[in-house]
């Protein structure tokens, strides 16, 4: 089978060749479809020749598809149809339009006129479309696998057609990956700012709590001191002083509790998602800079999250009415490592589903990232 002409090549040939030469072009070299606009705008007798070619081409394509389906099955025919890229182009166009729609919000956010939370919610609105694009990428990966198996199984006269389909699938898969890269670069930018804010909040909270705890310890020490001779002579004054101390201590406890910060595991997962997806899809210098800063912040936040869990576990372990192994309750470093291992196990399954045969290089990158994260996390926790 000869190499197919692109639509642009065919149009150029039609405009430069005699009509009889156009009529004698082999059907297998023509593009999959002849543009209706070209036929409509061509003068006679060329229009009649193009109409006949279009009809013959449709019949030829139908017969070829039936023959291929008979030899390789329905999945092969579906894979060839997927190689046309119609659904991929639609998915890409929808996501790019949504990204374009977020531009005003991004500019407002970068100018400091919009909160990180509001920007995160705006980006969250793209997730449904991103999920659809990933699903289309998975279908492309499955089609690549089907075509590859056909090529490995005595393709015969369909070899050129199958190889062309495989190249087209790779082309559209690359376009999808590039578009996902645009989204993941923006998602990481927003997540990086969000992580930075959370880290600042935790640092500020810890400093305030430190000062409050020092004041609390000083008041509790006063409360424990033996009663002085003056207090014994004036018991009413001592009682009032003790009540005042207790009131201040109670107030400090409330203020310390109000300084507690909240961070859910789902937040950590979203941030880790943003970082990992950007690592797999984006190579720009700006994104690499965001990745470096995000790693540092993620280690800090993961450690803070696990220390928070450790503190809660210690409270449980101190409770004489609950039978808990204190050593088991405070192994927060192991818990954080398990969090990362579980996350990457799920991510591997997603990548295999999305990328099929093309998953190997991404899986290796994912493995290196996982090892780096765990190693650096352990160094930071020592």
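In the numbering used here, the protein residues as written are 1 to 382.
Backbone N, C-alpha and C fix where the C-beta goes; we use that ideal spot for every residue, glycine too.
Note that the structure is predicted; figures quoted are calculated from it, not measured.
- In terms of CA proximity to residue 74, 147 leads the group 88, 147, 117.
- 219 is the residue among 284, 43, 219, 164 whose C-alpha sits nearest the C-alpha of residue 246.
- Residue 32 sits in coil when the DSSP states are folded into three classes, being neither helix nor strand.
- Taking a contact as a CB-CB distance under 8 Å, the pair residue 187 and residue 123 counts as one, their CB atoms being some 6 Å apart.
- Contact between residue 263 and residue 207 fails: their C-beta atoms lie close to 17 Å from each other, not under 8 Å.
- Ranking 265, 121, 118, 11 by CA distance to the CA of residue 304 puts 265 first.
- By a beta-carbon distance limit of 8 Å, residue 31 does not contact residue 53. Their separation comes to about 11 Å.
- By the criterion of at least three beta-carbon pairs nearer than 8 Å, the region 174–183 is in contact with the region 119–138.
- With a contact defined as Cβ atoms closer than 8 Å, residue 129 and residue 98 qualify at about 5 Å.
- Sequence-distant partners of residue 45 (beyond 5 residues in either direction) whose C-beta falls short of 6 Å from its own C-beta, in its chain, are 19.
- The continuous stretches of alpha helix (DSSP H) do not include residue 112, and DSSP gives it neither H nor E.
- DSSP places residue 278 in the uninterrupted alpha helix (DSSP H) bounded by 265–281.
- About 7 Å separates the beta carbon of residue 151 from that of residue 163, a gap short enough to meet the 8 Å contact definition.
- Per the C-alpha coordinates, the member of 42, 195, 180 positioned closest to residue 277 is 180.
- C-alpha of residue 252 to C-alpha of residue 202: approximately 19 Å in a straight line.
- The DSSP-derived three-state label of residue 284 is coil.
- Counting along the chain, no alpha helix (DSSP H) covers residue 158, and no H or E run does either.
- Secondary structure note for residue 17: it is in no alpha helix (DSSP H), with a DSSP letter that is neither H nor E.
- For residue 131, the uninterrupted alpha helix (DSSP H) segment begins and ends at 127–152.
- Excluding the 5 residues flanking it on each side, residue 95 has same chain C-beta neighbours closer than 6 Å at 129, 133, 179, in chain order.
- Between residue 279 and residue 291, the C-beta spacing is below 8 Å.
- Taking the C-beta atoms as reference points, residue 114 is found nearer than 8 Å to residue 105.
- Rounded to whole angstroms, the Cβ separation of residue 27 and residue 60 is 5 Å, and the two are in contact under 8 Å.
- Annotation: residue 142 to residue 194 spans about 36 Å, alpha carbon to alpha carbon.
- Residue 272 counts as buried, since at least 16 other C-beta atoms from the protein chains shown sit within 10 angstroms of its C-beta.
- A distance below 6 Å between beta-carbons, with the five flanking residues on each side excluded, links residue 166 to the following residues of its chain, in chain order: 147.
- One Cα belongs to residue 117, the other to residue 172, and the distance between them is close to 34 Å.
- In the three-state reduction of the DSSP assignment, residue 46 falls in the helix class, which pools H, G and I.
- By the 16-neighbour rule on beta-carbons within 10 angstroms, residue 198 is buried.
- In the three-state reduction of the DSSP assignment, residue 294 falls in the helix class.
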